[in-house]
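Numbering (the numbering used here), first residue to last: 641 to 795.
Take a look at the structure:
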């Protein structure tokens, strides 16, 4: 077994590189997204938004309903953010950097959809603050909180 681990092979003879199939698929999606951008296939904000909406439409209903509402909240709260796909997930960028993203529960077989914020969102609040939220349903209070966070991202 020790030799198998050193060689990158599992004891069943298959290769193991430390990533799950879902993680490898996400990386392949990201590579395709980068090629599409470099190749000029997504030139406008409308094209990028269409790609995000297409990805949301592919989600299972439970994720899709929440993701559609999150997309609307982001669009209403910060229309200047650029929608884009990021590792196969709907995301929103400021000055070319992804500031927030929606990860469907189905993406990595999680219990809940996640709304995440990257460090470029600068949501700094003291010495500790949340950067990801598990979302199982959206209430008016949740929507208000999310809208405030998104507005903070764009200043």
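Even glycine gets a Cβ: it sits at the ideal position worked out from N, Cα and C.
Beta-bridge pairing of residue i - partner residues as DSSP gives them
{"i": "residue 773", "result": "755"}
{"i": "residue 710", "result": "Paired residue(s): none; residue 710 is not in a bridge."}
{"i": "residue 732", "result": "723 and 740"}
Residue of the options minimising C-alpha distance to residue i
{"i": "residue 690", "options": "706, 732, 703 and 788", "result": "732"}
{"i": "residue 771", "options": "761, 778, 780 and 795", "result": "761"}
{"i": "residue 706", "options": "778, 716 and 736", "result": "778"}
{"i": "residue 710", "options": "685, 688 and 790", "result": "790"}
{"i": "residue 792", "options": "767, 736 and 718", "result": "718"}
{"i": "residue 727", "options": "716, 712, 734 and 744", "result": "744"}
{"i": "residue 746", "options": "738, 701, 795 and 725", "result": "701"}
{"i": "residue 685", "options": "722, 661 and 699", "result": "722"}
{"i": "residue 699", "options": "751, 714, 729 and 724", "result": "729"}
{"i": "residue 739", "options": "780, 753 and 714", "result": "714"}
{"i": "residue 752", "options": "780, 724, 773 and 668", "result": "773"}
{"i": "residue 776", "options": "794, 759, 795 and 750", "result": "750"}
Pairwise C-alpha distance: residue j and residue i
{"i": "residue 784", "j": "residue 763", "result": "16 Å"}
{"i": "residue 693", "j": "residue 765", "result": "31 Å"}
{"i": "residue 768", "j": "residue 757", "result": "14 Å"}
{"i": "residue 688", "j": "residue 657", "result": "32 Å"}
{"i": "residue 748", "j": "residue 660", "result": "9 Å"}
{"i": "residue 794", "j": "residue 720", "result": "8 Å"}
{"i": "residue 627", "j": "residue 788", "result": "For the chain, the structure presents residues 641 to 795; residue 627 sits outside this window and is missing."}
{"i": "residue 668", "j": "residue 734", "result": "23 Å"}
Beta-carbon contacts of residue i that lie in its chain and below 7 Å, excluding the five residues immediately before and after
{"i": "residue 696", "result": "704, 707, 708, 711 and 730"}
Close-in-space but distant-in-sequence residues of the same chain around residue i (CB under 8 Å, 5 per side omitted)
{"i": "residue 737", "result": "758 and 760"}
{"i": "residue 647", "result": "Any reading at residue 647 must be qualified, since the residue scores a pLDDT of 43, below 50, and its modelled position is unreliable; the value itself is stated next. Counting only Cβ-Cβ distances below 8 Å, and skipping sequence neighbours, we find nothing."}
Beta-carbon contacts of residue i that lie in its chain and below 6 Å, excluding the five residues immediately before and after
{"i": "residue 786", "result": "713"}
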